[in-house]
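Asker: Below you will find the structure I want to go over with you.
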Amino acid sequence: MKKLIIANWKCNPTTKQEALRLFSALNSALHTNKKADVVVCVPFVYLGIKKELSFKLGAQDCFWEKKGAFTSQISTVMLKNIGVKYVLCGHSETRRFGETNEMVNKKVKAILGEGLVPVMCVGENIEQKKKGQAFSVIEKQLKEGLKKIPKSQIKKVVVAYEPIWAISPYGPCSPDEALTVALFLRKVIGRIASKNLSKTIKILYGGSVNAKNAKDYVASDFLSGMLVGRASLNPKEFAKIVKSSV
Ligand code: PGA
Numbered sequence: 001m002k003k004l005i006i007a008n009w010k011c012n013p014t015t016k017q018e019a020l021r022l023f024s025a026l027n028s029a030l031h032t033n034k035k036a037d038v039v040v041c042v043p044f045v046y047l048g049i050k051k052e053l054s055f056k057l058g059a060q061d062c063f064w065e066k067k068g069a070f071t072s073q074i075s076t077v078m079l080k081n082i083g084v085k086y087v088l089c090g091h092s093e094t095r096r097f098g099e100t101n102e103m104v105n106k107k108v109k110a111i112l113g114e115g116l117v118p119v120m121c122v123g124e125n126i127e128q129k130k131k132g133q134a135f136s137v138i139e140k141q142l143k144e145g146l147k148k149i150p151k152s153q154i155k156k157v158v159v160a161y162e163p164i165w166a167i168s169p170y171g172p173c174s175p176d177e178a179l180t181v182a183l184f185l186r187k188v189i190g191r192i193a194s195k196n197l198s199k200t201i202k203i204l205y206g207g208s209v210n211a212k213n214a215k216d217y218v219a220s221d222f223l224s225g226m227l228v229g230r231a232s233l234n235p236k237e238f239a240k241i242v243k244s245s246v
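The numbering of the sequence shown is this note's numbering, which starts it at 1 and goes up by one.
Structural data, given as C-alpha cells:
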C-alpha cells in the first residue's frame, strides 16, 4: 500500500510570494513522485493561489456548519469548492485554543459529509506521558472523535498520532514507541469498528520527522505514513522524506 505523507505548513509562510515560491519548489521536487500519496496542508489564505499542483491540497482546520452567521469560520463546503481534499482536525495546536473532542467529532463528520478526508490528530502531552496516562488520553480522543460515525465512514478517516512532546522543537518519539502506539490505536479501532478496519485504517506518525529519521517511521506496514511540520517548509528535505518513505 502507498504511504501517505502529509505536509503541515502551520502558520507559515508570511507572504503570498513566499507561498508561491514554496508551491513551485515543491511541485518541481515532487513531480516525478509516483510511489507515495502527498498532501500539503497550508493556511487558508494560500489554498486557492496555485493551480495544477503535483500533490493534493489540505486545510489545517474547518468549521462544522455549512454556512451562516459564524464570523471567521471556514466551512467544509467552501474548502471542497476550492479543491481541498484533506482537512486536519484535532491538531494539538488547535486543541490548545479550546478545540474539544466533541468539536473534533463535529468536524470529522462535516469533513466526511463533503466527501473529504479528515486527518484526525491525537496525542498526549509530556505531563500525561510522565503520569502513565498516554494510552488513556489517546484512546479517549480517538473514541470521542469518532463517536457515532458509521464503520463505512470510519474507514475513510486518517488518524495521526502526534505526541505533543515530540513536535518540533522537542522530540522526536522513537520509531518503536510510535509503532507501539499505532498498534494500540489499531486495537481500539478493532473494538469500536471492526477487526478488518483495524488493519486497513491509515495511521500516521507526526513529530520532528526529518529526512534522516523518516524511513524508520514507515518501515512497518502498521504505520501508513507521516505528518510533517517544520521539515515540510524545506522543499528539498520534504522531497527526501517522500522518497525515503517508499
Ligand atoms: P513537526 O510538526 O514536524 O514540526 O514536529 C508536526 C506537526 O505538528 O504536525
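Quick reminder that beta carbons are idealized off the backbone N, C-alpha and C, glycines included. Since the structure is predicted, the reported quantities are computational estimates derived from the model, not experimental observations.
Starting from the C-beta of Y207, find all residues in its chain whose C-beta is less than 7 Å away, skip the five residues before and the five after it, and write them out in chain order.
Answerer: The residue you call residue 207 lines up with position 207 of the sequence shown. First, the residue type needs correcting, since residue 207 is Gly and not Tyr in the sequence shown. Answer for G207: E162, P163, A166, I167, G171, P172 and C173, listed in chain order.
Asker: List the whole-angstrom C-beta distance separating V39 from V242, where the pair is believed to meet the contact cut-off of C-beta under 8 Å.
Answerer: What you label residue 39 is simply residue 39 of the sequence shown in a count that begins at 1. What you label residue 242 is simply residue 242 of the sequence shown in a count that begins at 1. No, V39 and V242 are not in contact; Cβ-Cβ is about 11 Å, not under 8 Å.
Asker: Tell me whether V218 sits in a helix, a strand or coil according to DSSP, three-state version.
Answerer: Locating residue 218 in the sequence shown gives position 218, counting from the first residue. Three-state DSSP puts V218 in coil, outside helix and strand.
Asker: Nearest to K155 by CA position, among L179, Y217 and G115, is which residue?
Answerer: The residue labelled residue 155 in the question sits at position 155 within the sequence shown. If we check each option's Cα against that of K155, G115 comes out closest.
Asker: Compare the C-alpha of K10 against each of A231, K143 and M120 and name the closest.
Answerer: For the purposes of this step, residue 10 is taken as residue 10 along the sequence shown, with counting starting at 1. Nearest option by C-alpha distance: A231.
Asker: For A160 and G68, what's the separation of their Cα atoms in angstroms?
Answerer: Position 160 of the sequence shown holds residue 160. Position 68 of the sequence shown holds residue 68. When rounded, the distance between both Cα atoms is 30 Å.
Asker: Can A178 be considered in contact with the ligand PGA, in the sense that its beta carbon sits closer than 7 Å to one or more heavy atoms?
Answerer: Within the sequence shown, numbered from 1, the residue matching residue 178 stands at position 178. Answer for A178: no, Cβ out of range of the ligand PGA.
Asker: Are the beta-carbon atoms of V119 and L88 separated by less than 8 Å?
Answerer: The residue labelled residue 119 in the question sits at position 119 within the sequence shown. The residue labelled residue 88 in the question sits at position 88 within the sequence shown. For V119 and L88, yes; Cβs fall inside 8 Å.
Asker: Compare the beta carbon distance of L197 and Q153 with 8 Å and say whether it is the shorter of the two.
Answerer: Here residue 197 is taken as the residue at index 197 of the sequence shown, counted from 1. Here residue 153 is taken as the residue at index 153 of the sequence shown, counted from 1. Against a cut-off of 8 Å, the Cβ pair of Q153 and L197 comes out as no contact.
Asker: So the candidates are P235, Q133, T100 and L146; which of them puts its Cα closest to the Cα of A19?
Answerer: Counting from one through the sequence shown, the residue named residue 19 turns up at place 19. Minimum Cα distance to A19 is reached at P235.
Asker: Counting only runs that start and end within the segment 122-204, where is the alpha helix (DSSP H) found for 4 or more residues in a row?
Answerer: 126-130, 134-145, 151-154, 175-192 and 195-200
Asker: Using a threshold of 7 Å, is the CB atom of G48 nearer than that to any non-hydrogen atom of the ligand PGA?
Answerer: By one-based count along the sequence shown, residue 48 stands at place 48. Result no, Cβ not under 7 Å from the ligand PGA.
Asker: Grab me the residues of P13's own chain with a C-beta within less than 6 Å of its C-beta, minus the 5 sequence neighbours each way, in chain order.
Answerer: To locate residue 13, count along the sequence shown from 1; it is residue 13. Closer than 6 Å at Cβ, skipping near neighbours: A19.
Asker: Can we say the segment 63-77 touches the segment 97-110, given the rule of at least three CB pairs closer than 8 Å?
Answerer: yes
Asker: Suppose the cutoff is 6 Å on Cβ atoms and the five residues either side in sequence are ignored; what does the same chain contact list for T94 look like?
Answerer: On the sequence shown, position 94 is the one that residue 94 refers to. Hits under 6 Å: D61.
Asker: For C121, which residues in the same chain have their Cβ closer than 6 Å to its Cβ, ignoring the five residues on either side in sequence?
Answerer: Position 121 of the sequence shown, counting from 1, holds the residue named residue 121. Same-chain partners within the cutoff: G90, H91, A160 and E162.
Asker: By how many angstroms is the C-alpha of S54 removed from the C-alpha of H31?
Answerer: In the sequence shown, the residue the question calls residue 31 occupies position 31. In the sequence shown, the residue the question calls residue 54 occupies position 54. Using only the alpha carbons, I get a separation of about 6 Å.
Asker: Looking at the unbroken alpha helix (DSSP H) that takes in K243, where does it start and where does it end?
Answerer: One-based indexing of the sequence shown puts residue 243 at position 243. First-last of the alpha helix (DSSP H) with K243: P235 to S244.
Asker: Looking at A239: is its Cβ nearer than 8 Å to the Cβ of A36?
Answerer: Reading the sequence shown from its first residue, position 239 is the one you call residue 239. Reading the sequence shown from its first residue, position 36 is the one you call residue 36. No, these two residues do not count as a Cβ contact at 8 Å.
Asker: Figure out for me which residue from V228, Y46 and S245 has the closest Cα to the Cα of V218.
Answerer: Here residue 218 refers to the residue found at position 218 when the sequence shown is read from its first residue. Checked all of V228, Y46 and S245; the closest Cα to V218 is S245.
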